[in-house]
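Engineer: The opening position of the sequence shown corresponds to residue 228 in the numbering used here, with each subsequent residue numbered one higher. Provided herewith is a single structure, encoded as structure tokens, for subsequent inquiry.
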Amino acid sequence: MGLTLAEKIIKEHIVDGDMVKGTDIGLRIDQTLTQDATGTMAYLEFEAMGVPRVKTERSVAYIDHNTLQTGFENADDHRFIQSVCKKHGIYFSKPGNGICHQVHLERFGKPGKTLIGSDSHTPTGGGIGMLAMGAGGLDVAVAMGGGAYYITMPKMVRVNLTGKLNPWVAAKDIILEVLRIMSVKGGVGKIVEYGGEGVKTLSVPERATITNMGAELGATTSIFPSDELTLEFLTAQGRAEDWIELKPDADAVYDEVIEIDLSTLKPMAACPHSPDNIKTIESLAGQKVDQVCIGSCTNSSYRDLMTVAHILKGKTIAENVSLAIAPGSKQVFNMLALNGALGDLIAAGARILESACGPCIGMGQSPNSKGISLRTFNRNFLGRSGTKDGQVYLVSPETAAASALTGVFTDPTTLGKGYEVEMPEKFLINDNMVIAPASVEEMDNIEVLRGPNIKPFPETSPLEDTINATCALKVEDNITTDHIMPAGAKILPLRSNIPAISQHCFTVCDPDFPARAKSLGSSVIVGGANYGQGSSREHAALAPLYLGVKAVLVKSFARIHRANLINAGILPLEFVNEADYDKISLGDELVLPDIKKIVESGKDVLIINKTTGEDILAKCELTDRTKAIIIAGGLLNYTKENS
Ligand code: MIC
Ligand code: SF4
């Protein structure tokens, strides 16, 4: 039986388990990346493991999230990361060099390699045929130390692309269509592979837009074949030698096939507050727009910004619109500056931001109250923009630019004759913002610089024999990591300080949760389906851990968050019978008798609700390895015990 593209890469990298769907497999990881908001914790964890130098082929630390420096905290974190990198063999991409996923695609990614990153949009690398996955910081730390990365062997979905996009319809509209079809939970436990004739009509940056936002499907990752266009892209990046051809076998077997005829797609938007709430721009046309933001790891490539510059050239943005643009990388920014396109953007009235995540993670540019904001980003979760009642719509750069000019939702297909950006034969290559690590001889002399905001990783203790805990919070379906551990300019500087950041845990849902959980000492969170979707931030597990949360009991989990809970030593439980969700209320006292023995045995977990007298059964599906991690009190304890 033939193999899919992803299966071929898995086969080359599998070091534990067998390629049997639904079972756990360990993969050798060739490359890692971190960003600063998750990186400080990941490097503290790496230090705690005591490995002197990374064992990967290439590890890169990017500074792109916390670039607003309103106090010493972010700058201290950057300095810490830079010094850790120098000491332990990691390349360091300075603030200003760009968004991790964009820069990694340009400068480091290689077809056929495995990459894990402490950021959920790491699958951007799937655009050049990498098996690239988002992971918790601790998983990245373990991979840097040479350990395997464990996933559940996913099912394979093929998205078959036929035809060609009409002028002004964009790659973003393709992924919005996939989200419309599959929903934000449709990708859980699956790898989405793109194939078909339509693939060769899409450039690498367009493919990367699609794999990037595959994160919003909940998928393990998404991937495109590596073909002549991949070779052209790598050649233009001066890296032709990194290319290999990669395609699925002709008789590869897929669990699911989705057909998309590109010529039938229209410009679309993901409407508030979910990336799968899709409508056509046509149906929204004429509604007023307050803000337009262009950038993020989804849509900030040279191709995207040249298209925007073309649309805005010689025109002025509407009176009622504030337009912010953040180029994805220094390479993109510099090329726009040199070819004059930056001048066109500035002249039209754009507010140019540095090459970083910026507004995407609430670092500035929060919209006005109830403001309608059109963004080329990938997430529009409630409150993420920094304005609680802000209405964020996710659109293509084409739609964003057309609407910035008119001040209302505007279908870009009304712009007339299409425009195709000519991809450069050579991108501007200047890696002077990437700092190489010290040599093996010099590394011992490097001092790691820590500021007062950097607090150690919270202590965890082995699993108790019986858990007595109170339900400290009950939440609904589709809770995102932005609910659990909000980001934004005020909270992000606390990413290396778990005691301080914990005070913001779940405050979007219930401002009293942190104080309540802390005073209870031992608690359980109850939730609905797809709990923990969104970011890879392990803070969404570490903050509850610090507040005394022992177990999270839900209808179903998102992949990365579930792994982060296990890594933190928090029990991930799922209702055997979803209707039992109604049998627990806030404040109920719960007992999980003999929990350690039950986890060891793999049986269903009995939860006694002492307040109502009812019994509830929960699944705790763990492999031998994850059982051992939970019993040890988390991955760090487990790794120390087993090294
Ligand atoms: C995001 O887009 O939510 C982030 C910020 O990039 C996160 C990482 C983080 O929370 O630091 C992600 O996607 O993993
Ligand atoms: Fe940065 Fe936004 Fe991409 Fe996350 S989704 S990595 S915050 S640009």
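A virtual CB, placed ideally from N, CA and C, is assigned to each residue, including glycine.
Within its chain, find whatever has a CB closer than 6 angstroms to the CB of V278; leave out the 5 residues flanking it on each side and keep chain order.
Structural biologist: These residues qualify, in order along the chain: G372.
Engineer: Since P679 sits in a beta bridge, which residues does DSSP pair it with?
Structural biologist: None; P679 has no bridge partner.
Engineer: At what residues does the alpha helix (DSSP H) containing C698 begin and finish?
Structural biologist: Not the alpha helix (DSSP H): C698 falls in the beta strand (DSSP E), residues I694 to K701.
Engineer: Within 10 angstroms of the Cβ of T693, are there 16 or more other Cβ atoms? Answer buried if so, exposed if not.
Structural biologist: Flag for T693 reads exposed.
Engineer: For V405, which residues in the same chain have their Cβ closer than 8 angstroms to its Cβ, ignoring the five residues on either side in sequence?
Structural biologist: Excluding residues within five positions, the ones whose Cβ falls inside 8 angstroms are V386, V419, I437, G441, L444, I485 and I487.
Engineer: My parser needs the beta strand (DSSP E) runs of 3 or more residues fully inside the region 329-361; what are they?
Structural biologist: For the region 329-361, whole beta strand (DSSP E) runs of length 3 or above, ordered along the chain, are 341-344 and 358-361.
Engineer: Between which residues of its own chain and S286 is the CB-CB distance below 6 angstroms, once the five residues before and five after are set aside?
Structural biologist: Taken in chain order, the residues that qualify are T259, I317 and M371.
Engineer: Is any heavy atom in ligand 1 found nearer than 7 angstroms to the beta carbon of G761?
Structural biologist: Yes; taking the cut-off as 7 angstroms, the Cβ of G761 has a heavy atom of ligand 1 nearer than that.
Engineer: Is it true that the CB of V781 sits closer than 8 angstroms to the CB of G754?
Structural biologist: Yes, they are a contact pair.
Engineer: Just the C-alpha distance for S600 and P741, rounded to the nearest angstrom, thanks.
Structural biologist: Going by the C-alpha atoms only, they are around 31 angstroms apart.
Engineer: So what does DSSP say about E455, is it helix, strand or coil?
Structural biologist: The answer is helix: DSSP assigns E455 an H, G or I state.
Engineer: With a threshold of 7 angstroms, establish whether the CB of H766 neighbours any heavy atom of ligand 2.
Structural biologist: Outside the cutoff, so no.
Engineer: State whether the region 389-400 contacts the region 442-461, with contact taken as three or more CB pairs (one from each stretch) at a distance under 8 angstroms.
Structural biologist: Contact fails: fewer than three Cβ-Cβ distances are below 8 angstroms.
Engineer: Is R764 helix, strand or coil by DSSP?
Structural biologist: Reduced to three states, the DSSP call for R764 is coil.
Engineer: If we count Cβ pairs, one from each stretch, closer than 8 angstroms, do we get three or more for the region 423-432 versus the region 499-511?
Structural biologist: No: fewer than three Cβ pairs fall under 8 angstroms.
Engineer: Would you call the CB atoms of K417 and A446 closer than 8 angstroms?
Structural biologist: In this structure, A446 lies closer than 8 angstroms to K417 by Cβ.
Engineer: Which one or two residues does DSSP pair with M712 in a beta bridge?
Structural biologist: M712 is not bridged to any residue.
Engineer: Rounding to the nearest angstrom, what Cα-Cα distance links I521 and I858 in this structure?
Structural biologist: Approximately 46 angstroms, taken between the alpha carbons.
Engineer: Suppose only complete runs of 3+ residues qualify. What are the beta strand (DSSP E) ranges in the region 427-489, listed by chain order?
Structural biologist: Runs of the beta strand (DSSP E) inside the region 427-489: 448-450 and 483-488.
Engineer: Helix, strand or coil for I787 per DSSP?
Structural biologist: It is helical.
Engineer: Out of curiosity, what's the CA-to-CA distance linking M712 and P738?
Structural biologist: Their backbone Cα atoms lie some 12 angstroms apart in a straight line.
Engineer: Quick one: grab the DSSP three-state call for D303.
Structural biologist: Looking at D303 - three-state DSSP - the assignment turns out to be helix.
Engineer: Taking the continuous beta strand (DSSP E) assigned at D658, which residues delimit it?
Structural biologist: Careful: D658 lies outside any beta strand (DSSP E) and carries neither H nor E.
Engineer: Going along the chain, which residues of its own chain have a beta-carbon closer than 7 angstroms to the beta-carbon of S879, five neighbours each way excluded?
Structural biologist: The chain is shown from 228 up to 870; residue 879 falls before or after that span and cannot be answered.
Engineer: Does the region 717-730 come within contact of the region 760-770, defined as at least 3 CB pairs closer than 8 angstroms?
Structural biologist: Cβ pair count under 8 angstroms is three or more, so yes.
Engineer: Please report how far the alpha carbon of M533 lies from the alpha carbon of A568, in whole angstroms.
Structural biologist: One C-alpha to the other measures close to 7 angstroms.
Engineer: Kindly list the residues whose CB is nearer than 6 angstroms to the CB of G715, restricted to its own chain and excluding five residues on each side of it in sequence; keep chain order.
Structural biologist: Result list for G715: G589 and G613, in chain order.
Engineer: Just curious, the alpha helix (DSSP H) that K846 is in, first and last residue?
Structural biologist: Looking at the DSSP string, K846 is not in any alpha helix (DSSP H); the run it does join, the beta strand (DSSP E), is E841 to K846.
Engineer: Go through its chain and collect everything with a Cβ distance to A302's Cβ below 6 angstroms, but skip five positions before and after it.
Structural biologist: Cβ neighbours of A302 beyond the five flanking positions: Q296.
Engineer: Looking at D263: is its Cβ nearer than 8 angstroms to the Cβ of H305?
Structural biologist: Their beta carbons are under 8 angstroms apart, which means D263 touches H305 by this criterion.
Engineer: Look at the Cβ atom of D482, then the Cβ atom of V411, and state whether they are nearer than 8 angstroms.
Structural biologist: In this structure, V411 does not lie closer than 8 angstroms to D482 by Cβ.
Engineer: Got a sec? Which residues, its chain only, sit under 7 angstroms from H537 by beta carbon, not counting five neighbours each side?
Structural biologist: Excluding positions up to five away in sequence, the list reads Y646.
Engineer: Assuming V826 is part of the alpha helix (DSSP H), what are its boundary residues?
Structural biologist: Where V826 is concerned, the enclosing alpha helix (DSSP H) stretches over I822 to S828.
Engineer: Nearest CA to the CA of V516: which residue from L550, Y529 and T349?
Structural biologist: Ranking the options by Cα distance to V516, first place goes to L550.
Engineer: Tell me which residues share the same chain as I355 and place their Cβ nearer than 8 angstroms to its Cβ, disregarding the 5 neighbours each side in the sequence.
Structural biologist: Around I355: L332, G336, K337, P338, V431, R434, A435, F451, S453, T457, F460 and L461.
Engineer: Residues in the same chain with beta-carbon distance under 6 angstroms from T872, minus the five sequence neighbours each way, listed in chain order, please.
Structural biologist: An answer regarding residue 872 cannot be provided, because it is not within the stretch 228 to 870 covered by the chain.
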